[in-house]
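**Student:**
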Amino acid sequence: RSLPKERWQHICRSTLDLFPEANIVFTGASSDRAFVDEVASNLPKNRIRYVIAVSAQKLLTVYAHARVNVTVHTGNAHLINMLHARAVTVNFKGVHMFRFSYNPNGRELFSQEGCTCHPLERKCSVVEYKGQGYMACLFNLKDEDILREIKHVYTEHE
């Protein structure tokens with residue numbers, strides 16, 4: 005929920021268009037299911053998979069074998085990057101403990117535009133959109149930049 009559902013829908017649809025052989029696998033907790041269902045609602049059902057509320061072993065296996073993991077700044081982002089799995093992490097600008105540069109197979113993105121995030125010192129700047137607040141360093145990323153990094157990681161080891 006770090007970006008509006010319409011943005012995730014566009015990113016997912018564009019990824020499927022770029023890679024006709026690919027599927028989208030959504031992971032998360034049971035509480036994420038409603039949002040995931042909204043994002044997936046306009047995507048081809050035969051190219052969508054759900055790995056929701058599963059064991060850590062299954063989740064780590066999915067992450068380790070994914071062609072590219074697209075994640076946000078969560079605990080799962082740490083798991084994905086600690087595995088050195090192929091990843092694009094949509095992150096907030098902050099302190100070094102939230103950096104994922106240790107993953108040689110990963111890319112990390114955040115926007116400098118309007119971003120004042122430093123979670124240990126001050127609150128993050130927020131962009132209001134359709135009644136919801138989103139961190140500026142995530143919201144102000146362009147979908148095209150996220151898609152460029154997905155394409156890079158997806159095709160890097162072909």
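Just remember that our numbering sits 4 ahead of the position in the sequence shown, which is counted from 1.
The beta-carbon is built from N, C-alpha and C at its ideal position, and this holds for glycine as well.
Tell me which residue opens and which closes the alpha helix (DSSP H) that Gly79 is part of.
**Tutor:** That run of the alpha helix (DSSP H) goes Gly79 to Met86.
**Student:** Helix, strand or coil for Gln116 per DSSP?
**Tutor:** Residue state, collapsed to three classes: coil.
**Student:** Given a threshold of 16 other Cβ atoms within 10 Å of its Cβ, counted over all protein chains shown, does Ala81 qualify as buried or as exposed?
**Tutor:** Looking at its Cβ environment, which holds 16 or more other Cβ atoms inside 10 Å, Ala81 is buried.
**Student:** Can you name the start and end residues of the beta strand (DSSP E) that Phe30 belongs to?
**Tutor:** Run containing Phe30: Ile28 to Gly32, per the beta strand (DSSP E) assignment.
**Student:** In angstroms with no decimal places, state the Cα-to-Cα distance between Asn109 and Thr75.
**Tutor:** C-alpha separation (whole angstroms): 14 angstroms.
**Student:** First and last residue of the beta strand (DSSP E) that includes Ala70?
**Tutor:** No beta strand (DSSP E) holds Ala70; DSSP gives it neither H nor E.
**Student:** When burial is assigned at 16 or more other CB atoms within 10 Å of the CB, is Lys62 buried or exposed?
**Tutor:** Exposed: under 16 other Cβ atoms inside 10 Å.
**Student:** Glu25: which of Arg71, Trp12 and Val66 sits nearest, CA to CA?
**Tutor:** Taking only the C-alpha atoms, the option nearest Glu25 is Arg71.
**Student:** Taking the alpha helix (DSSP H) that Arg37 belongs to, which residues open and close that run?
**Tutor:** Counting along the chain, the alpha helix (DSSP H) containing Arg37 begins and ends at Arg37 to Ala44.
**Student:** Closest to Met86 by CA distance: which of Ala68, Tyr158, Val94 and Lys97 is it?
**Tutor:** Ranking Ala68, Tyr158, Val94 and Lys97 by Cα distance to Met86 puts Ala68 first.
**Student:** Starting from Arg53, trace the alpha helix (DSSP H) both ways and give me its first and last residue.
**Tutor:** Careful: Arg53 lies outside any alpha helix (DSSP H), inside the beta strand (DSSP E) at Ile52 to Ile56.
**Student:** Could you check if His122 is buried or exposed, using at least 16 other CB atoms within 10 Å of its CB as the buried criterion?
**Tutor:** By the 10 Å Cβ count, His122 comes out exposed.
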